[in-house]
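Participant: Just so you know, the protein sequences line up as chains A and B, in that order. By the UniProt record's numbering, the letter at position 248 of the first sequence is numbered 248, and the numbering carries on one by one without gaps. By the UniProt record's numbering, the letter at position 44 of the second sequence is numbered 44, and the numbering carries on one by one without gaps.
There are 2 protein chains.
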Amino acid sequence: MSQTVDRALSILPLLAEGPADLGRVADHLGVHKSTALRLLRTLHEHGFVYRQSDQHYRLGARLIALAQEAMENLDVREIAHPHLVRLNETCGHTVHLAVHEDDEVLYIDKVESRYPVRMYSRIGKPVAITVAAVAKLLLADLPESERRAVAEKLDYPLYTARSTPGADAFLKELAKVREQGWATDLGGHEESINCVAAPVRDAGGRVVAAMSVSAPNVVVTADELLTLLPLVRRTADAISGEYSGRTPVQSPVPAPAHSPVPPSAQPPAHQPDKERS
Amino acid sequence: MSQTVDRALSILPLLAEGPADLGRVADHLGVHKSTALRLLRTLHEHGFVYRQSDQHYRLGARLIALAQEAMENLDVREIAHPHLVRLNETCGHTVHLAVHEDDEVLYIDKVESRYPVRMYSRIGKPVAITVAAVAKLLLADLPESERRAVAEKLDYPLYTARSTPGADAFLKELAKVREQGWATDLGGHEESINCVAAPVRDAGGRVVAAMSVSAPNVVVTADELLTLLPLVRRTADAISGEYSGRTPVQSPVPAPAHSPVPPSAQPPAHQPDKERS
DNA sequence: TGTTGCGTTGCAACTTGTGCAACACCCATT
DNA sequence: AATGGGTGTTGCACAAGTTGCAACGCAACA
Numbered sequence: 001m002s003q004t005v006d007r008a009l010s011i012l013p014l015l016a017e018g019p020a021d022l023g024r025v026a027d028h029l030g031v032h033k034s035t036a037l038r039l040l041r042t043l044h045e046h047g048f049v050y051r052q053s054d055q056h057y058r059l060g061a062r063l064i065a066l067a068q069e070a071m072e073n074l075d076v077r078e079i080a081h082p083h084l085v086r087l088n089e090t091c092g093h094t095v096h097l098a099v100h101e102d103d104e105v106l107y108i109d110k111v112e113s114r115y116p117v118r119m120y121s122r123i124g125k126p127v128a129i130t131v132a133a134v135a136k137l138l139l140a141d142l143p144e145s146e147r148r149a150v151a152e153k154l155d156y157p158l159y160t161a162r163s164t165p166g167a168d169a170f171l172k173e174l175a176k177v178r179e180q181g182w183a184t185d186l187g188g189h190e191e192s193i194n195c196v197a198a199p200v201r202d203a204g205g206r207v208v209a210a211m212s213v214s215a216p217n218v219v220v221t222a223d224e225l226l227t228l229l230p231l232v233r234r235t236a237d238a239i240s241g242e243y244s245g246r247t248p249v250q251s252p253v254p255a256p257a258h259s260p261v262p263p264s265a266q267p268p269a270h271q272p273d274k275e276r277s
Numbered sequence: 001m002s003q004t005v006d007r008a009l010s011i012l013p014l015l016a017e018g019p020a021d022l023g024r025v026a027d028h029l030g031v032h033k034s035t036a037l038r039l040l041r042t043l044h045e046h047g048f049v050y051r052q053s054d055q056h057y058r059l060g061a062r063l064i065a066l067a068q069e070a071m072e073n074l075d076v077r078e079i080a081h082p083h084l085v086r087l088n089e090t091c092g093h094t095v096h097l098a099v100h101e102d103d104e105v106l107y108i109d110k111v112e113s114r115y116p117v118r119m120y121s122r123i124g125k126p127v128a129i130t131v132a133a134v135a136k137l138l139l140a141d142l143p144e145s146e147r148r149a150v151a152e153k154l155d156y157p158l159y160t161a162r163s164t165p166g167a168d169a170f171l172k173e174l175a176k177v178r179e180q181g182w183a184t185d186l187g188g189h190e191e192s193i194n195c196v197a198a199p200v201r202d203a204g205g206r207v208v209a210a211m212s213v214s215a216p217n218v219v220v221t222a223d224e225l226l227t228l229l230p231l232v233r234r235t236a237d238a239i240s241g242e243y244s245g246r247t248p249v250q251s252p253v254p255a256p257a258h259s260p261v262p263p264s265a266q267p268p269a270h271q272p273d274k275e276r277s
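#1: Thinking C-alpha only, which one of Val220/A, Leu142/A, Val177/A is nearest Ile193/A?
#2: Have a look at Leu14/A and Gly47/A and give me their C-alpha separation to the nearest angstrom.
#3: To which residues of the same chain is Ala236/B closer than 7 Å at the C-beta, ignoring the five residues directly before and after it?
#4: Which chain B residues are close to Arg206/A, counting only those with a beta carbon under 8 Å from its beta carbon?
#5: Helix, strand or coil: which one does DSSP assign to Ser10/A?
#6: For Ser244/B, name the three-state secondary structure that DSSP assigns.
#7: Work out the CA separation of Glu101/A and Ala222/A for me, nearest whole Å.
#8: Are there three or more Cβ pairs, one per stretch, closer than 8 Å when the stretch 203-218 of chain A is compared with the stretch 158-168 of chain A?
#9: Expressed to the nearest angstrom, what Euclidean distance is found between the alpha-carbon atoms of Pro268/A and Glu89/A?
#10: Indicate whether Asp155/B and Glu45/A have their beta-carbon atoms separated by less than 9 Å.
#11: Smallest Cα separation from Glu146/B: which of Asp103/B, Tyr50/B, Arg58/B, Lys176/B?
#12: Note down the Cα distance separating Leu137/A from Glu173/A, rounded to an integer number of angstroms.
#13: Name the DSSP beta bridge partners of Cys195/B, please?
#14: Between Leu39/B, Ala67/B, Ala151/B, Ser34/B, which has its C-alpha nearest Val49/A's C-alpha?
#15: DSSP puts Arg114/A in a beta bridge; with which residues?
#16: By DSSP's criteria, Pro126/B is part of a beta bridge. Which residues make up the other side?
#17: From residue 287/A to Ala151/A, what does the alpha carbon distance come to, in whole angstroms?
#18: Please list, in chain order, all residues of the same chain as Ala36/B whose beta carbon is under 7 Å from its beta carbon, the five residues on each side excluded.
#19: Going by beta carbon distance, what residues of the same chain come within less than 8 Å of Ala238/B, once the five residues before and after it are set aside?
#20: Examine the Cβ distances between the stretch 70-80 of chain A and the stretch 70-86 of chain B and report whether three or more of them are shorter than 8 Å.
#21: By the DSSP assignment, the alpha helix (DSSP H) with Glu224/A in it spans what residues?
#22: In the DSSP assignment, what residue or residues form a beta bridge with Glu101/B?
#23: Report yes if the C-beta distance between Arg162/B and Gly181/B is below 9 Å; otherwise report no.
#24: Taking just the CA atoms, how far does Ala8/B sit from Arg51/B?
#25: Using the three-state DSSP reduction, which class does Ala175/B fall into: helix, strand or coil?
#26: Determine the DSSP secondary structure at Leu154/B, reduced to helix, strand or coil.
#27: What residues in the stretch 121-137 of chain B have a beta carbon less than 7 Å from any beta carbon of chain A?
#28: At least one CB of chain A closer than 9 Å to the CB of Val5/B: is that the case?
#29: Does Val253/A have its Cβ less than 9 Å from a Cβ in chain B?
#30: What's the C-alpha gap between Leu171/B and Val177/B?
#31: Please identify the residue among Val207/A, Arg58/A, Ser10/A whose C-alpha is closest to the C-alpha of Asp141/A.
#32: Scan the stretch 66-96 of chain B for residues whose Cβ lies nearer than 7 Å to a Cβ of chain A and list them as they occur along the chain.
#33: Any idea if Pro126/B is buried or exposed, counting beta-carbon neighbours within 10 angstroms, 16 or more meaning buried?
#34: Does Pro13/B come within less than 9 Å of chain A when only Cβ atoms are used?
#35: Which residues does DSSP list as the beta-bridge partners of Val232/B?
#36: Return yes when the Cβ of Gly245/B is within less than 9 Å of the Cβ of Ala203/B, no when it is not.
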């Protein structure tokens, strides 16, 4: 819509492929060198491009800073939600998303089971930190000293016979979880409820959230639930990908793209699109 | 230099602070709403801006993707990253990598502390150039005349009682840093935070980047932090070695890029992206 | 010393972006 | 249901900003 801005912005993807000199930029835009120069200067003033010593232009650091800020404002929940819904549509069970905050682990999102028998939980409520699968994942990511400090501080209520009995057992469990990259809660909180959970990580690999699938025994056995593990992990990884900016967020706007396939040529759109490929 | 582009680019930092509606954007630019609308549309077409359902604009995914590519083009970063991670694993504190660009010193990589008390910083953001340990190293390597020119140009905000008070003190500090080959920031930026830093050099001995370890007083005292100096220097030297081609790159796995991918993350459905290049 | 290749500048022509005013729309009031 | 203020959106005429040109400066090369 705005020619000048349009051209200026088109420079950035070019530069993303690697440094380029004035001539190349001008060619790429199909404009005179002087025009390209002025655009580059404006970009430069804003720190979006950097002019290296050999007079080649590179993407600038301000771009990185902006993206970083953008990601900071990104809500894990916002990104995760559609994935949680999709997972729920696939397996039908209750799906949770939780974060660690001030020595508590809190549910921040939930998609209800489609089975009539549901487990009780509530968004914003602290989870049973010593037994919940999501809590194990979140705490397992802390540095060793911190982990021990937290473990000592906690109470270990015996909800069931399978609840984590004390700090030692908890730390051992955390070590295991940390190692394997996923966690379970098999009747540790309520006798008849099992969970499988996987971590959501940021660009640095830190666990920022954890998601789980929960179901009561009367619907599926623990073993059956465990068969969902790969799916849960894939979902968590997909969320991680978007959260860290690795995967471009699927924008609701259809990309203008040079789609080689005419829209009409697509298969009769039956499958509800398992994990968008 | 180019008004339109200038305005368009000014929108992005605004949006980085949080979502804004058309009116706010127009105000911020001091232009008519219709003008702001057209600029936003152009940004939107390029994916730099995303329009959420409540008709507020926020930074778009394309920006994040670009920044990601920009970082991949920084080869120091790529080489340094595994070293930074290893250092973080050893000491647990926040590790930074910074470069000098256009009279600014910017963080280009960061590995978060594993302790819950973290210092605030952001990749891509300019550091407090007059006090940061990494900034001292990078500026200390400039030729004397340039060093003085830069020192004169700078502001010397008194973040704390220990902040560098002015150009003279700064130049003296730079001379010392240049001499000893490492630098510190002991509460110069934030009262309770200390840093130790060491330079990364290219084959010609010029400082191309600097890395630091930072930790708040509540976690370790300044003296304790200083005991890490040899380790920090060794790490920086190792990076220098690889960067200058002296040390054969001993990558455990020829990882495609510095991908901080979590262990559990399989290739998350490769993006068709990249288009025909 | 001339030549080629690059980035840079001033300027006149005109394409482009601008502000305006009117319109369409949503939501909260009455 | 009708009203009113608050949004975002559109077409248009004007001029302001952007464009390409041609000329210049400045390297590196031969």
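Beta carbons are placed, not taken as given, at the ideal position from N, Cα and C, and that holds for glycine.
Facilitator: So, from the listed chains and residues:
#1: The shortest Cα separation from Ile193/A among Val220/A, Leu142/A, Val177/A belongs to Val220/A.
#2: Distance between the alpha carbons of Leu14/A and Gly47/A is about 16 Å.
#3: Cβ contact annotation for Ala236/B (same chain, cutoff 7 Å, sequence separation greater than five): Ala198, Pro199, Val200, Met211, in chain order.
#4: Ordered by position in chain B, the residues that pass the 8 Å Cβ test against Arg206/A are Glu112.
#5: Shown here, Ser10/A sits in a helix according to DSSP, grouped into three states.
#6: Reduced to three states, the DSSP call for Ser244/B is coil.
#7: One C-alpha to the other measures close to 29 Å.
#8: No: the two stretches stay apart, fewer than three of their Cβ pairs being nearer than 8 Å.
#9: In this prediction, Pro268/A scores a pLDDT of 35, lower than 50, which makes its location untrustworthy; no coordinate-derived value is stated.
#10: With contacts defined by Cβ atoms closer than 9 Å, Asp155/B and Glu45/A do not form a contacting pair.
#11: Closest by alpha carbon: Asp103/B.
#12: Just so you know, the alpha carbons of Leu137/A and Glu173/A end up roughly 10 Å apart.
#13: Cys195/B is bridged to Asp185/B, Ser214/B.
#14: When only C-alpha atoms are compared, the closest one is Ala67/B.
#15: None, per the DSSP bridge assignment.
#16: In DSSP, Pro126/B forms a bridge with Leu106/B.
#17: As shown, chain A starts at 1 and ends at 277. That puts residue 287/A outside it, with no answer to give.
#18: If we look at Ala36/B and ignore the five residues flanking it on each side, its Cβ neighbours are Leu22, Val25, Ala26, Leu29.
#19: Residues His83, Thr247 of the same chain have their beta carbon placed closer than 8 Å to that of Ala238/B, with the five preceding and five following residues left out of the count.
#20: With the cut-off at 8 Å, the stretch 70-80 of chain A and the stretch 70-86 of chain B do not touch.
#21: Taken as a continuous stretch (DSSP letters only), the alpha helix (DSSP H) holding Glu224/A covers 222-226.
#22: Under DSSP, the beta-bridge partners assigned to Glu101/B are Glu104/B.
#23: Not closer than 9 Å, so no.
#24: Answer to the nearest angstrom: the Cα atoms are 15 Å apart.
#25: Assignment of Ala175/B by DSSP, reduced to helix, strand and coil, places it in the helix class.
#26: Leu154/B: coil per DSSP, three-state reduction.
#27: Under the 7 Å Cβ criterion, the stretch 121-137 of chain B contributes Arg122, Ile123, Gly124, Lys125.
#28: Taking Cβ atoms only, chain A reaches closer than 9 Å to Val5/B, which makes this a yes.
#29: Bear in mind that the predicted position of Val253/A carries a pLDDT of just 32, short of 50, making it too unreliable to give a figure here.
#30: Leu171/B and Val177/B have their alpha carbons spaced roughly 10 Å apart.
#31: If you compare the alpha carbons of Val207/A, Arg58/A, Ser10/A with that of Asp141/A, the shortest gap goes to Val207/A.
#32: Those would be Leu66, Ala67, Gln68, Glu69, Ala70, Met71, Asn73, Gly92, in chain order.
#33: For Pro126/B, the number of other beta carbons within 10 angstroms of its own is at least 16, and it is reported as buried.
#34: Flagged as an interface residue toward chain A: Pro13/B, by a C-beta distance shorter than 9 Å.
#35: Within the DSSP secondary-structure output, Val232/B pairs in no beta bridge.
#36: Pairing Ala203/B with Gly245/B gives a Cβ-Cβ distance under 9 Å.
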